[in-house]
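In this text, residue positions in the sequence shown follow UniProt numbering: the first is 1, and each later residue adds one.
Comments concern the structure below.
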Amino acid sequence: MQEKELRLALVCFGGVSLAIYMHGVVKEVLKLARASKVYHGLPKDDARHSARFADQVRHGDPEYDSEHAYFELLQELGKEVDLRVVVDVISGASAGGINGIILGRALAHDLRIDHFRDLWLRESDVSRLLDPQKRASRWSKFYMRPLIWLASRSRLGRLLMDEEVRQKISMFTRSRWFQPPFDGQHLMRQLMAGLDAMGDPEQPGASLMPAGQTLEMFVTLTDFYGYLQYIPIHDPPAIRDREHRHTLRFGYRRWPNGSEQSDFTRSDAPALAFAGRATSAFPGAFPPAKLGDMDRLLEEQGRRWTLKRAFLQKNFANYFKAELDPELTSFVDGGVLANKPFAAAMKAIRGRPAARQVDRRLVYIDPAPMRPAPPPSGRPPGFFRTLKGALSDIPRNEPVADELIWVNRFNERVHHLRSVIDATLPQVTRLVLASAPHDIDGPLGLDDIRAWRQQASERAVQDAGFAYEGYVRLKLGAVLEFVAKLVCASCRYSEHSSERRWVRMVLQRWAEERQVCFNSPRFARAEPGTPPDQLPGWARFLLRFDVAFRQRRLRFLVQRLNQLYGKLDDPEQRGLQAARLDGLKRTLYDAQEELRRFDNGAGIGVDSAAQITQLFFRRMTTTDADELAADADDFARANLAGIDAAVDALAFDIDLDRTTDDLDAVMASLQPADWSPAARRDLLVGYIGFPFWDVLTFTITNWRDLGEFNEIRIDRISPEDAVAIRKGNTLKGVNLGRFGGFFSRAHRENDYLWGRLHAADRLIDIVCDAGLGHAADRLIDRQALKLRIFRLILDQEAVSLAVSSRLIDELRNELDMLAAAGPATAAAADATPA
Numbered sequence: 001m002q003e004k005e006l007r008l009a010l011v012c013f014g015g016v017s018l019a020i021y022m023h024g025v026v027k028e029v030l031k032l033a034r035a036s037k038v039y040h041g042l043p044k045d046d047a048r049h050s051a052r053f054a055d056q057v058r059h060g061d062p063e064y065d066s067e068h069a070y071f072e073l074l075q076e077l078g079k080e081v082d083l084r085v086v087v088d089v090i091s092g093a094s095a096g097g098i099n100g101i102i103l104g105r106a107l108a109h110d111l112r113i114d115h116f117r118d119l120w121l122r123e124s125d126v127s128r129l130l131d132p133q134k135r136a137s138r139w140s141k142f143y144m145r146p147l148i149w150l151a152s153r154s155r156l157g158r159l160l161m162d163e164e165v166r167q168k169i170s171m172f173t174r175s176r177w178f179q180p181p182f183d184g185q186h187l188m189r190q191l192m193a194g195l196d197a198m199g200d201p202e203q204p205g206a207s208l209m210p211a212g213q214t215l216e217m218f219v220t221l222t223d224f225y226g227y228l229q230y231i232p233i234h235d236p237p238a239i240r241d242r243e244h245r246h247t248l249r250f251g252y253r254r255w256p257n258g259s260e261q262s263d264f265t266r267s268d269a270p271a272l273a274f275a276g277r278a279t280s281a282f283p284g285a286f287p288p289a290k291l292g293d294m295d296r297l298l299e300e301q302g303r304r305w306t307l308k309r310a311f312l313q314k315n316f317a318n319y320f321k322a323e324l325d326p327e328l329t330s331f332v333d334g335g336v337l338a339n340k341p342f343a344a345a346m347k348a349i350r351g352r353p354a355a356r357q358v359d360r361r362l363v364y365i366d367p368a369p370m371r372p373a374p375p376p377s378g379r380p381p382g383f384f385r386t387l388k389g390a391l392s393d394i395p396r397n398e399p400v401a402d403e404l405i406w407v408n409r410f411n412e413r414v415h416h417l418r419s420v421i422d423a424t425l426p427q428v429t430r431l432v433l434a435s436a437p438h439d440i441d442g443p444l445g446l447d448d449i450r451a452w453r454q455q456a457s458e459r460a461v462q463d464a465g466f467a468y469e470g471y472v473r474l475k476l477g478a479v480l481e482f483v484a485k486l487v488c489a490s491c492r493y494s495e496h497s498s499e500r501r502w503v504r505m506v507l508q509r510w511a512e513e514r515q516v517c518f519n520s521p522r523f524a525r526a527e528p529g530t531p532p533d534q535l536p537g538w539a540r541f542l543l544r545f546d547v548a549f550r551q552r553r554l555r556f557l558v559q560r561l562n563q564l565y566g567k568l569d570d571p572e573q574r575g576l577q578a579a580r581l582d583g584l585k586r587t588l589y590d591a592q593e594e595l596r597r598f599d600n601g602a603g604i605g606v607d608s609a610a611q612i613t614q615l616f617f618r619r620m621t622t623t624d625a626d627e628l629a630a631d632a633d634d635f636a637r638a639n640l641a642g643i644d645a646a647v648d649a650l651a652f653d654i655d656l657d658r659t660t661d662d663l664d665a666v667m668a669s670l671q672p673a674d675w676s677p678a679a680r681r682d683l684l685v686g687y688i689g690f691p692f693w694d695v696l697t698f699t700i701t702n703w704r705d706l707g708e709f710n711e712i713r714i715d716r717i718s719p720e721d722a723v724a725i726r727k728g729n730t731l732k733g734v735n736l737g738r739f740g741g742f743f744s745r746a747h748r749e750n751d752y753l754w755g756r757l758h759a760a761d762r763l764i765d766i767v768c769d770a771g772l773g774h775a776a777d778r779l780i781d782r783q784a785l786k787l788r789i790f791r792l793i794l795d796q797e798a799v800s801l802a803v804s805s806r807l808i809d810e811l812r813n814e815l816d817m818l819a820a821a822g823p824a825t826a827a828a829a830d831a832t833p834a
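Encoded structure:
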């Protein structure tokens with residue numbers, strides 16, 4: 001059966017009190033990921049599949065409800081495609097940042113989040129958010145009461161007809177002016193309590209992330225004071241610029257052997273709570289956040305921030321580089337400069353490896369899509385409106401056109417790459433078969449595979465002609481950068497530091513001296529049949545360090561293998577052949593994981609890291625940075641032997657010869673008796689012939705950065721897109737400048753409930769589209785499934801949303817009407833523009 005992976009990169013916009021709506025959305029995202037994990041954890045041929053699932057999700061527990069419907073959806077799609085759903089990237093700002101943090105911790109360790117609903121509904125009330133020292137007393141600013149009464153007769157009248165809203169607006173407006181009214185310490189205390197209450201994994205290693213995959217989460221902040229950073233230019237060598245944007249990074253990865261690397265443990269709760277507090281420090285509403293605020297909170301609770309140093313080193317390296325103490329600065333809302341944080345998510349997607357066919361979705365949550373009115377004809381904005389727009393409205397609503405244009409160009413590159421491969425497949429197949437040692441439909445030994453691979457590589461060099469030198473030069477540059485990355489990882493140099501530039505220059509100079517650099521005037525081709533120990537320096541360097549080539553070959557081979565699932569035409573042998581494809585794919589996955597250990601330097605041995613650090617570790621001063629090139633040149637000349645030894649140690653740890661030999665052995669194990677001739681030939685041609693495709697595509701498409709080798713499709717979750725029940729604006733938190741949810745429990749319950757319903761509506765569409773596209777409607781009664789999941793949500797939430805009982809009854813009646821009307825009416829409703 002064809003395997004497919006729906007990968008979701010989630011972008012959560014800012015929205016003040018619309019955080020409550022977004023909590024409903026991320027809750028459904030978590031439930032979909034949970035259902036996928038359970039579905040893929042059970043044997044597919046188990047007749048008790050659904051019953052075992054129901055037992056695992058503990059039906060009736062308030063934490064679980066709509067998982068069952070998502071599970072059934074995956075089960076129905078599973079008749080034709082084995083679809084796995086994974087959330088591997090989260091990027092959030094402000095209100096979206098808080099919800100991204102909650103979702104990230106839950107995904108990393110398969111934890112409960114239902115208690116956050118009560119926290120949002122109870123603690124997000126203006127009466128609890130107000131700082132006690134700034135709260136209005138009964139007679140504070142009593143002259144404001146008539147103004148509130150007059151406002152109730154104005155355009156705000158409809159909103160202020162709600163007695164609760166009127167009372168709380170009165171209290172809010174009569175509280176102390178010209179100081180942030182909300183209590184930031186209270187918010188952080190509640191976030192800390194909520195993250196703590198998520199607890200620990202039920203079992204060691206429990207996670208909703210598949211083994212070998214990485215979860216990355218980004219939370220944007222705005223450093224009010226900023227910090228100076230050095231940026232290299234030509235003359236002067238570097239300039240100083242002030243940076244206010246800051247991004248906190250958290251990650252999780254579970255290795256195939258069961259070990260974990262996590263920033264989402266219970267011990268990380270202080271860092272996560274601080275991130276949530278800082279990213280949502282809305283200017284004027286909350287006071288700026290400082291790291292010391294968390295220290296005071298923990299001291300108040302008799303606790304210690306045991307991982308504080310690691311958190312600071314990981315997220316504030318640029319501050320330390322600039323000789324600044326991050327504990328002295330103040331952070332305000334991340335949405336001030338990055339309210340729609342696409343950039344970090346897209347950077348995380350780019351170059352991410354894939355072990356199976358991937359449908360990559362960038363899903364963004366926009367609770368209130370902007371529909372600005374046309375400007376008044378010829379009338380400029382007034383003084384205060386200009387100030388408000390320049391200082392707040394315009395920065396917080398920057399367009400996303402640049403990011404979406406980048407995605408479109410990326411997709412064009414993917415299409416181009418695929419067209420090149422498809423167009424050249426017949427010719428490459430002929431070339432590969434012409435260099436085969438003998439009839440490839442018979443058994444092939446390890447020596448046969450090795451000799452055939454080498455002959456095909458030499459043929460690719462000959463046929464590439466003058467283009468081959470450009471190909472090699474590009475590869476050498478990429479591989480030299482890879483070695484520099486490993487050195488910097490050992491020394492813990494930050495990405496844009498002067499030290500990192502210095503390491504690159506040192507290795508560049510070393511490469512020129514050792515004839516492995518693409519700028520070397522002594523660049524010479526390797527003649528066919530040259531023994532390995534007599535190859536030019538650049539060729540030996542590639543054989544020792546070109547990990548990326550092996551990764552590209554494995555990804556390409558998995559892509560070819562995935563296409564074979566659709567060619568299993570013998571009903572009697574289909575199951576056995578699919579099982580063999582699955583087994584081979586698992587082997588290729590393991591090989592990918594072996595190579596991925598070096599992506600972030602994790603595969604470097606302790607002794608090698610110590611040797612590298614002893615040689616390369618130094619701190620560059622401003623003077624050093626100005627004369628970086630000369631310093632690097634002198635260092636390389638004086639330490640050629642030491643650099644040789646460090647490079648040899650890295651090559652020993654990587655051991656690419658062993659990796660290549662292991663893969664040759666895998667291809668030699670494809671026995672003719674076990675495989676159809678066409679499938680076996682396709683796999684062998686893909687493996688042996690990969691150098692032809694790499695020469696063709698590497699220079700024209702830069703596919704070393706494509707990673708997943710798949711298009712990025714963009715989906716939005718918003719009230720305008722989820723119209724299965726109602727159309728139009730259903731949210732209350734959009735009122736009062738998106739602060740409306742803070743003034744009414746009914747408004748908060750309304751927005752939370754619609755968040756869940758809208759997310760369920762959109763996620764079902766996304767899963768169906770990713771699974772089989774339009775063909776999914778042959779297997780899935782989409783309307784019936786949506787009605788079922790909506791009822792599951794309403795039944796569960798009716799217990800907790802007491803103020804919204806009338807709304808829930810209305811929605812149940814509307815669902816009954818939709819069910820009675822049938823699919824045709826629902827399809828027409830979905831087609832009607834919102």
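The C-beta atom is built at its ideal place from N, Cα and C for all residues, glycine as well.
The structure displayed is predicted, hence computed values, not measured ones.
Burial state of residue i (16 or more Cβ within 10 Å)
i: residue 104; result: buried
i: residue 248; result: buried
i: residue 85; result: buried
i: residue 20; result: buried
i: residue 438; result: exposed
i: residue 22; result: buried
i: residue 671; result: exposed
i: residue 339; result: buried
i: residue 837; result: No answer is possible for residue 837: the residues shown for the chain start at 1 and end at 834.
i: residue 304; result: exposed
i: residue 802; result: exposed
i: residue 127; result: exposed
Terminal residues of the beta strand (DSSP E) in which residue i lies
i: residue 86; result: 81-93
i: residue 716; result: 712-717
Per-residue DSSP class, three states only, for residue i
i: residue 261; result: strand
i: residue 407; result: helix
i: residue 70; result: helix
i: residue 240; result: strand
i: residue 628; result: helix
i: residue 195; result: helix
i: residue 544; result: helix
i: residue 214; result: strand
i: residue 495; result: coil
i: residue 4; result: strand
i: residue 684; result: helix
i: residue 801; result: coil
i: residue 438; result: coil
i: residue 565; result: helix
i: residue 251; result: strand
i: residue 281; result: coil
Extent of the continuous alpha helix (DSSP H) run through residue i
i: residue 16; result: Here residue 16 belongs to no alpha helix (DSSP H), and DSSP marks it neither H nor E.
i: residue 468; result: 467-491
i: residue 535; result: That residue, residue 535, is in no alpha helix (DSSP H); it is neither H nor E in DSSP.
i: residue 856; result: The question about residue 856 has no answer here: the residues shown for the chain are numbered 1 through 834.
i: residue 735; result: 735-738
i: residue 444; result: First-last for residue 444: undefined, no H or E at that position.
One or two residues paired with residue i in a DSSP bridge
i: residue 223; result: 331
i: residue 11; result: 91 and 364
i: residue 229; result: 241
Closer than 7 Å: residue i CB and nearest the ligand MG heavy atom
i: residue 490; result: What this structure holds is no ligand at all, so the ligand MG is not there to describe.
> How about the region 459-473 and the region 674-685: do they share at least three Cβ pairs that are nearer than 8 Å?
Replying inline: Result no; under three Cβ-Cβ pairs closer than 8 Å.
>> Is it the case that the region 642-656 contacts the region 408-427, given that we only count it when at least three CB pairs across the two stretches are under 8 Å?
In response: With the rule of 3 Cβ pairs closer than 8 Å, the region 408-427 does not count as touching the region 642-656.
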